[in-house]
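K.L.:
Each residue of the sequence shown is one higher than the one before, counting from 1089 in my numbering. Note that beta-carbon positions come from the ideal geometry of N, C-alpha and C, so glycine has one too. A quick note: this is a predicted structure, and the numbers were derived from the prediction, not measured. Got a structure for you, questions after.
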Amino acid sequence: MKAITGFSKLTKDEKIKWLASELTGEAAELVNLLPSYWHPDSSTQKKFDEFSENTLTNFNFPFGLAPNFLINGHIYSVPMVIEESSVVAAASLGAKFWLDRGGFRARVLSMTKVGHVHFMWSNNKDEIKNYFNKIKVDLLSSLKHLSSNMEKRGGGILSLDLVDLTDKMENYFQLKLSFNTCDAMGANFINSILEQVATEFKTRVSEDLKPQSNDFQIIMSILSNYTPECLVECSVSCPIKELGHFSDAMGPHEFAQKFVNAVKIAQVDTNRAVTHNKGIMNGIDAVVLATGNDFRAVEACAHAYAARSGQYQSLSEAKIIGDEFHFTLKLPLAIGTVGGLTSLHPLAKASLMILEKPSAEKLMMIMASVGLAQNFSAVKSLITTGIQKGHMKLHLLNVLNQLGADQNQIEEAKLFFKDKVVSFSAVRDFLNKDHSLH
Ligand code: MEV
């Protein structure tokens, strides 16, 4: 492909034409199909276009619903946006299983977010520390115009500290601020405040302490997506005997004990822990996406939290206490229910309506419950039937659609593959041999 200048200045049609002209054959044909994915309503399409840059079209993902989530005594139907087959089914199965056993109990442990001004100071350490203490109140006052609205909503800046990190990196200090951003994820609020405090700090230090330019340098000001103090916990429990019976005549006691061991394995073995947590994030990400939240931030933070002990471990924990089975998930979730895409994207807005317009705290609890349901269903399958049985049912449908099967062929294939291993080639052979694919 050729390099191009001024691509962003082209209209959407021109961008697509340019791209098609750079491609040949099937690729060019596919690119010419992009407009068929535009929204029929041009003002809605304009909204989508403006979320990002150089937009050509929309990329559709399934928007599904997992009903029957009983959380703290209230039933929710949870919207999920995910392309992977089995995830919504697993969440729904997990929700239904626990609906009959008391449901999910969730609580938010804390809602604090942090951000930092990273700077270098190579003069006397006490000089900057004493000076910071002297101007701290003034620094906070200089931020009032940015924080007053958030304060009216019950949030704002919670603390401002100078952190000496010179033992980790020569001359490295931070201004560390912590925040309560109420129902907003708060990235813009936090970053605006950090940039303002950095400017004020730089001016004051330069005027009063008169350091040489090499001795004092603001490096950057940015929120941290690591939010271990924006934490939610969710758990389920029931008497072991109420867990029921599973495949191969596995009774509830064997199931509970096998389940606890499966989760313990994810605490001691990183290989398993990553896959285990991926299953949890299957559920959480789908709700994060459906509600217009930032899944990259949630993912980055969850995995850093999983490694907080120095070893990457399971985010969930399972225990047998006396005759009871207990299963808990604890993780940080910095999400919002106001601002950002949550009100701009019509489907994010619809998701929040379906969830009865939750506060950020409620949404954290809902997301954690979906993560726990997902994890429960995945581990339950793994220690009983294996996951391929359920997975392959949906995978079969994807393969059949990919191969252009019609409804009759789909029904026949479902019967044929009921007790057989599904693979792309097996399905193609089935359609070619016995069921005349084109
Ligand atoms: C697949 O997307 C997720 C699982 O691998 C999770 C797990 O192994 O726990 C089924």
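Residues in the same chain with beta-carbon distance under 6 Å from residue 1526, minus the five sequence neighbours each way, listed in chain order, please.
P.N.:
Because the pLDDT at residue 1526 is just 47, under 50, the model does not fix this residue reliably, and the point stays unresolved.
K.L.:
How would you label residue 1096, buried or exposed, when you count the other beta carbons within 10 angstroms and need 16 or more for buried?
P.N.:
exposed
K.L.:
In terms of DSSP beta bridges, what is residue 1327 paired with?
P.N.:
1412
K.L.:
Regarding residue 1298 and the ligand MEV, is the C-beta to nearest heavy atom distance less than 7 Å?
P.N.:
Not a single heavy atom of the ligand MEV lies less than 7 Å from the C-beta of residue 1298.
K.L.:
Cβ atoms of residue 1144 and residue 1105: under 8 Å apart, would you say?
P.N.:
no
K.L.:
Kindly indicate the opening and closing residues of the alpha helix (DSSP H) around residue 1238.
P.N.:
Element bounds for residue 1238: 1232 to 1240.
K.L.:
Is residue 1363 near the ligand MEV, judged by its Cβ being under 7 Å from some heavy atom?
P.N.:
yes
K.L.:
Decide if residue 1373 is buried, meaning its Cβ has at least 16 other Cβ atoms within 10 Å, or exposed.
P.N.:
buried
K.L.:
For residue 1401, is the classification buried or exposed, using 16 other Cβ atoms within 10 angstroms of its Cβ as the cut-off for buried?
P.N.:
buried
K.L.:
Compare the C-alpha of residue 1417 against each of 1389, 1453, 1427 and 1436 and name the closest.
P.N.:
1453
K.L.:
Enumerate, from N- to C-terminal direction, the unbroken alpha helix (DSSP H) stretches of 4 or more residues contained entirely within the region 1099 to 1174.
P.N.:
1100 to 1109, 1113 to 1120 and 1130 to 1139
K.L.:
With a threshold of 7 Å (Cβ to nearest heavy atom), would residue 1366 be considered close to the ligand MEV?
P.N.:
yes
K.L.:
Closest to residue 1308 by CA distance: which of 1274, 1263 and 1267 is it?
P.N.:
1263
K.L.:
Give the DSSP-derived three-state secondary structure of residue 1032 in the structure shown.
P.N.:
Any answer about residue 1032 is impossible in this case: the structure gives the chain only from 1089 up to 1526.
K.L.:
Using only the heavy atoms of the ligand MEV, determine whether one of them is closer than 7 Å to the beta carbon of residue 1390.
P.N.:
Checking the Cβ of residue 1390 against the ligand MEV gives no.
K.L.:
Which two residues bound the contiguous alpha helix (DSSP H) that contains residue 1194?
P.N.:
Run containing residue 1194: none in the alpha helix (DSSP H); it sits in the beta strand (DSSP E), 1193 to 1209.
K.L.:
Once the 5 residues before and after residue 1210 are set aside, which same chain residues still bring their CB inside 6 Å of it?
P.N.:
1259 and 1303
K.L.:
Would the C-beta of residue 1154 count as close to the ligand MEV, meaning under 7 Å from any of its heavy atoms?
P.N.:
no
K.L.:
Between the alpha carbons of residue 1169 and residue 1267, how many angstroms are there, rounded?
P.N.:
30 Å
K.L.:
The alpha helix (DSSP H) spanning residue 1520 covers which residue range?
P.N.:
Where residue 1520 is concerned, the enclosing alpha helix (DSSP H) stretches over 1512 to 1521.
K.L.:
Which residues mark the beginning and the end of the alpha helix (DSSP H) in which residue 1343 is found?
P.N.:
1340 to 1356
K.L.:
With 16 as the cutoff for other CB atoms within 10 Å, does residue 1502 come out buried or exposed?
P.N.:
exposed
K.L.:
Using a threshold of 7 Å, is the CB atom of residue 1470 nearer than that to any non-hydrogen atom of the ligand MEV?
P.N.:
yes
K.L.:
Please go through the same chain and pick out, in chain order, the residues whose beta-carbon is closer than 8 Å to the beta-carbon of residue 1281, but skip the five residues on each side of it.
P.N.:
1203, 1231, 1234, 1235, 1245, 1265 and 1267
K.L.:
Buried or exposed, going by whether 16 or more other CB atoms sit within 10 Å of the CB of residue 1240?
P.N.:
exposed
K.L.:
Write down the C-beta distance between residue 1466 and residue 1367 rounded to the nearest angstrom, noting that I regard them as a contact closer than 8 Å.
P.N.:
4 Å
K.L.:
Rounded C-beta distance between residue 1147 and residue 1435? I'm assuming under 8 Å.
P.N.:
In fact, because the Cβ distance is near 13 Å, the residues do not count as touching under 8 Å.
K.L.:
Following a CB-centred definition, is residue 1475 positioned closer than 7 Å to any heavy atom of the ligand MEV?
P.N.:
yes
K.L.:
Helix, strand or coil: which one does DSSP assign to residue 1253?
P.N.:
Residue 1253: coil per DSSP, three-state reduction.
K.L.:
When you measure from the CB of residue 1466 to every non-hydrogen atom of the ligand GDP, does any distance come out below 7 Å?
P.N.:
Ligands present in the displayed structure are limited to the ligand MEV, and the ligand GDP is not among them.
K.L.:
Relative to the ligand MEV, is the shortest distance from any of its heavy atoms to the C-beta of residue 1444 smaller than 7 Å?
P.N.:
no
K.L.:
For residue 1322, which three-state DSSP category applies?
P.N.:
strand
K.L.:
DSSP state of residue 1393, grouped into three classes?
P.N.:
Per DSSP, reduced to three states, the secondary structure at residue 1393 is helical.
K.L.:
Measure from the alpha carbon of residue 1404 to the alpha carbon of each residue in 1186, 1321, 1345 and 1316, then state which is nearest.
P.N.:
1321
K.L.:
Three or more C-beta pairs under 8 Å: does that hold for the region 1214 to 1228 against the region 1348 to 1360?
P.N.:
no
K.L.:
Check whether the region 1170 to 1185 touches the region 1461 to 1479, counting contact only when three or more Cβ pairs, one atom from each stretch, lie closer than 8 Å.
P.N.:
yes
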